[in-house]
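This report refers to the structure that appears directly beneath it.
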Amino acid sequence: MVHSEPTDLLYRVHFLRHLTPEERIELAEVLPREMYAAGETIVAQGGPPDSLYIILEGEVELLHGNEDGEWIPLGHLVPGDTIGALEMIYRQPRPATVRSVDATVVLRWDRLLLTQFMKTQPVALNGLQFVAQSHKLAKKLRFSWLREGEVIYALARKHSFVLFQRLTIPVLMIGGACALILWALLSDVTLPLWGGFGLGLAGILFGIWQWLDWTNDYYIVTNRRAVWLEKVIGIYDSRREAPLHTILSISVGTDVTGRMMGFGDVVIRTYTGKVVFRNVGEAQTIAALIEVNLQRQRAKQDLTDRESLVEALDQRLQDEVSQIVEEDLTSLPDEIEPPAVRGVNRWGFKLRFEDEGTITYRKHWAALLREISIPSLLFIVVIGFVGARLGGLVSFPSPNIFLPISIAAIVALCVWWIYRYADWANDIYQITAQHIIDINKKPLAREERKVAPIENILGTEVDRKGVFGILFNFGDVVANVGIAQFVFRGVYDPVTVQQDIVHAQEALTLRKAEQERFKRQSEMVELFDIYHDKYTQGDSEDEDGDSQHYGNSRDRYPT
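First residue of the sequence shown: 4, per my numbering; consecutive thereafter.
Spelled out as structure tokens, the structure:
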């Protein structure tokens, strides 16, 4: 995507959005342009942090070279992104090599000019520092759920003022403990001494817990979604996200304390409600980064649609066979077919399996243990009693009664156990190419089947509650479908299940976008056929009347 005016693009650089148009024009005139052909290196790994680069045109890739000489891709950057924020703020060598993917134009901002500018623009300095801190923290944490090509633009915890508020009670407890210990030492009393030590230890442990709880909550903005990670140690673990294409609006709210201390709430409104980044520093910068990436995503989609129309036009102008487009269009289904029934009555203990593109999940083994616990305990009791009777430890009942009752009890308990297991095995959740499905089938009873189209999913959440849920990695995945919720309860590794849903959404979106492009191409070709037929008829009339001749059909099309 070409940006002929650098001043327009500088507005999309998050830490420069507050500048006036005149200030952006002045800045664009000062910064020199540099052009790179495809494959050229813009900055080399390990090089000095001498400049900050702003991408004007093209696309670049970030590569990290390891000790074995292999290049590990770290992601791509596009117009409006910066290169070198982390190095410039922390004055460290370049952590990665940056190469141009295609013809690229950048603005180079030398360190001296950048330092002079930041001295007069504290808002810009704070924004640049925030992004550098986000990159540094992201390198340290390395979230496993990030997809290939997904780039983190903002990563923040709650403001440190929130941590100080949470530490108020532990500090008071420790202060009270010191007072008790001092009183015990001065009055030579033992009981307050032990009470002081106990209260002090409890205050220290509570303070550590509050600190760990603060460090485990993150707010993240990527080029695809906004994510809220929340974790309460031993109690709760969740991830709530809003894909960029579902965002309706972004706003920032602050109170008096927040304005004084420099934090606020970023409210992200989606079709299903709100995702709130509470009490974050640089709330305006985070909101700007979300808005910039949302605009990029929409602009990219518009550009893709335009390119598809241009491609169809080029094919027609070059007299290519238009049936290719029609064949490609007919290969995509116009209607969503009802999902086939798969995965039911499949035995085994696998919690996830795939069958012809359908991913099936069962509830965690903890749910199975809960189902079979009573028949299993009763079975053990009956077997123990049978062993005791055969071993002579007990003498009742008589053999004529003991044998049939024991066999009947064992058979009944086995049938009960199998029934419980079958009930667990057939209570499944599925993801197909176009649907999510909840199947609840009772053995020898009716089957309940709920289906929701993937395209109607507006957001997903992950909840892992309780010590066992966190320890054994199971929980609920909630898909918001309109005003309703579709819940995968008690599934193993809910984060991966959520990612499978997101992947299916993206694959369906790509297929539908491709289908729409083919449809628009077909319509465009049909339009030019009508245009061609009309002027061909006009040529024939002109030739009969010795009028002007327009030439062949290709000459009549603009080039």
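Backbone N, C-alpha and C fix where the C-beta goes; we use that ideal spot for every residue, glycine too.
Whole-Å CB distance - residue i paired with residue j, under 8 Å assumed
i	j	result
R564	E374	Given that the chain is displayed from residue 4 to residue 562, the structure contains no residue 564 and the question cannot be resolved.
A54	G87	Checking the displayed sequence, the identity of residue 54 turns out to be Ser instead of Ala. Rounded, the Cβ-Cβ distance is 7 Å, consistent with contact.
L22	I57	Their Cβ separation, rounded to whole angstroms, is 13 Å, which puts L22 and I57 out of contact at 8 Å.
R492	D503	About 16 Å separates the two Cβ atoms, so there is no contact after all.
R94	P52	6 Å
V165	W217	7 Å
R467	S241	7 Å
G61	R97	Not confirmed; about 19 Å, so no contact.
L511	Q437	6 Å
Q119	P173	Contact doesn't hold; Cβ gap of about 44 Å is too wide.
I155	I223	6 Å
Exposure of residue i, with buried meaning 16 or more beta-carbon neighbours within 10 Å
i	result
F18	buried
R243	buried
H506	exposed
W231	buried
S137	buried
A40	exposed
D496	buried
V324	Any reading at V324 must be qualified, since the residue scores a pLDDT of 43, below 50, and its modelled position is unreliable; the value itself is stated next. It counts as exposed.
W197	exposed
P336	Note that P336 has pLDDT 46, beneath the 50 cutoff, so the model's placement of it is unreliable and no number is given.
G284	buried
E487	Checking the sequence shown, residue 487 turns out to be Ala, not Glu. Under this definition A487 is an exposed residue.
P9	buried
D358	exposed
N403	exposed
Q298	exposed
M38	exposed
T171	exposed
A182	exposed
M527	buried
W427	buried
R15	buried
N-terminal and C-terminal residue of the beta strand (DSSP E) that residue i is part of
i	result
D11	Not the beta strand (DSSP E): D11 falls in the alpha helix (DSSP H), residues 9 to 13.
T23	From DSSP, T23 is part of no beta strand (DSSP E); its letter is neither H nor E.
V255	250 to 256
V418	No beta strand (DSSP E) holds V418; the alpha helix (DSSP H) holding it covers 402 to 428.
R365	361 to 365
V46	44 to 46
Bridge partners - residue i, DSSP secondary structure assignment
i	result
D191	Note: D191 sits in no beta bridge, so no partner.
N483	G462, Q488
P76	L66
E451	N443
M527	In DSSP, M527 forms no bridge with anything.
G267	V283
L110	R36, I57
W231	Y222, R243
T512	DSSP lists no partner for T512.
Y495	F477
S581	What is shown of the chain runs 4 to 562, which leaves residue 581 out entirely.
L158	I223
H438	P456
I86	Y56
Q433	T363, I440
K277	R272
Limits of the alpha helix (DSSP H) - the one that residue i falls within
i	result
H138	125 to 144
S163	163 to 169
L371	368 to 393
F356	Note, F356: premise wrong, no alpha helix (DSSP H); beta strand (DSSP E) at 355 to 358.
Contact with chain C by residue i, beta-carbon distance below 8 Å
i	result
G394	Here there is only one protein chain, and chain C is not present.
Could you say if the stretch 67 to 82 and the stretch 25 to 44 meet the contact criterion of at least three C-beta pairs nearer than 8 Å? no
Would you call the stretch 453 to 470 in contact with the stretch 395 to 413, where contact means no fewer than 3 C-beta pairs closer than 8 Å? no
Evaluate the contact criterion for the stretch 246 to 256 versus the stretch 164 to 184: three or more CB pairs, one atom per stretch, below 8 Å. no
Report yes or no: do the stretch 447 to 454 and the stretch 406 to 414 share at least 3 C-beta pairs separated by less than 8 Å? no
Inter-stretch contact at 8 Å, needing at least 3 Cβ pairs: the stretch 285 to 293 / the stretch 253 to 271: yes
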